[in-house]
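Residue numbers (this note's numbering): 14 to 265. The C-beta atom is built at its ideal place from N, Cα and C for all residues, glycine as well.
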């Protein structure tokens with residue numbers, strides 16, 4: 014009130030041993046305990062994007078205007094609260110995904126088409142809100158990290174054209190929300206893990222005749238919708254009839 018403000022002015026120059034006799038209200042428990050007590054940033058993901066740009070020469074070229082708001086950078090879709098919800102780095106020629114990606118906790122869609130990634134960092138497993146991961150035509154990708162099994166909200170995993178991918182990690186069986194798995198043109202893929210049978214929500218498994226190295230999938234363990242949607246895989250049975258057996262073809 015006015016009297017309080019007036020008294021503060023009168024006492025402002027006094028050498029109080031404990032500081033201001035009328036301290037401002039504590040803004041946080043951290044301040045009460047001697048911490049900084051700073052307010053949370055209004056746009057918590059912008060610093061993360063800046064850090065990603067700083068660690069990658071590719072992203073420095075991709076996001077060429079560092080003075081602009083990161084929320085307005087190419088391929089970034091943010092909420093009004095400044096949380097990054099979608100990130101599209103397609104055709105950026107990105108070789109390595111910065112580990113800072115783990116901080117984008119509101120990210121629901123990550124698109125990395127035509128990137129030059131050899132692998133994904135284990136930090137990908139921290140993206141607990143991620144619903145779609147698109148790695149279409151990442152032709153240098155050779156492996157997926159086991160941490161991919163931590164993406165409990167993932168419904169779509171697109172690996173079309175990942176022509177150097179040899180196998181999928183068993184951890185893929187932990188993706189209980191996964192409904193679509195796209196593996197067309199994965200020409201070096203040799204087998205599908207038996208854990209694929211644990212994907213009870215899976216209703217579409219996309220394969221095509223370019224998967225010439227692939228042995229039979231564990232059809233008998235898959236859900237009925239998933240088995241129905243692998244019709245293109247029947248062409249592989251013609252190419253490799255010696256690998257077919259009654260157990261694999263059960264209910265196909």
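With burial defined as no fewer than 16 other Cβ atoms inside 10 Å of the residue's Cβ, what is the status of residue 195: buried or exposed? Its Cβ being crowded by 16 or more others within 10 Å, residue 195 is buried.
On the DSSP letters alone, give me the boundaries of the alpha helix (DSSP H) that residue 68 sits inside. Residue 68 -> alpha helix (DSSP H) spans 59 to 68.
Please classify residue 60 as buried or exposed, where buried requires at least 16 neighbouring CB atoms within 10 angstroms. Label assigned to residue 60: exposed.
So the beta strand (DSSP E) residue 123 belongs to, where does it begin and stop? 122 to 124 is the extent of the beta strand (DSSP E) around residue 123.
What residue range does the beta strand (DSSP E) around residue 194 cover? First-last of the beta strand (DSSP E) with residue 194: 193 to 195.
Residue 68 burial status per 10 Å Cβ neighbour count (16 or more: buried): Residue burial is scored here from C-beta neighbours: residue 68 has fewer than 16 other C-beta atoms within 10 angstroms and is therefore classed as exposed.
Cα-Cα, which of 89, 183, 118 is closest to residue 124? Considering only alpha carbons, the answer is 89.
Are the region 175 to 182 and the region 153 to 164 in contact at 8 angstroms, needing three or more beta carbon pairs? With the cut-off at 8 angstroms, the region 175 to 182 and the region 153 to 164 touch.
Just to confirm before moving on: does the CB-CB distance between residue 192 and residue 227 stay below 8 angstroms? For residue 192 and residue 227, no; Cβs fall outside 8 angstroms.
For residue 155, which of 132, 168, 163 has the nearest alpha-carbon? The option with the nearest alpha carbon to residue 155 is 132.
Just list the beta strand (DSSP E) runs in the region 158 to 203, keeping only unbroken ones of 3 residues or longer that don't cross its boundaries, in chain order. At a cut-off of 3 residues, the continuous stretches assigned as beta strand (DSSP E) that sit fully inside the region 158 to 203 are 169 to 171, 193 to 195.
Within 10 Å of its beta-carbon, does residue 58 have 16 or more other beta-carbons around it, so buried, or fewer, so exposed? Within a 10 Å sphere around the beta-carbon of residue 58 sit 16 or more other beta-carbons, which makes this residue buried.
My output table needs one value for residue 207: the three-state DSSP class, helix, strand or coil. For residue 207, the secondary structure class from DSSP, reduced to helix, strand or coil, is helix.
Cβ of residue 85 within 8 angstroms of Cβ of residue 95? No, they are not a contact pair.
Sequence-distant residues of the same chain with beta carbon closer than 7 angstroms to residue 101, five excluded per side: Excluding residues within five positions, the ones whose Cβ falls inside 7 angstroms are 88, 124.
Option in 92, 134, 116, 117 with minimal Cα separation from residue 109: Of the candidates 92, 134, 116, 117, the residue whose Cα lies closest to the Cα of residue 109 is 134.
May I ask you to report which of helix, strand or coil DSSP gives residue 215? Correct three-state label for residue 215: coil.
Would you mind listing the beta strand (DSSP E) stretches within the region 89 to 147 that are 3+ residues and don't spill past its ends, in chain order? With a minimum length of 3 residues, the continuous beta strand (DSSP E) runs that stay inside the region 89 to 147 are 89 to 91, 97 to 101, 122 to 124, 145 to 147.
The ligand NAP and residue 173: does any heavy atom of the ligand fall closer than 7 angstroms to the residue's C-beta? The ligand NAP is absent from the structure shown, which contains no ligand whatsoever.
Is residue 72 helix, strand or coil by DSSP? It is helical.
Between the CA atoms of residue 117 and residue 8 - distance to the nearest angstrom: This structure does not reach residue 8, given that the chain is present from 14 up to 265, and the question cannot be answered.
Decide if residue 73 is buried, meaning its Cβ has at least 16 other Cβ atoms within 10 Å, or exposed. Exposed.
Distance, Cα to Cα, residue 176 vs residue 198? Within the model, the alpha-carbon separation for residue 176 versus residue 198 is close to 6 angstroms.
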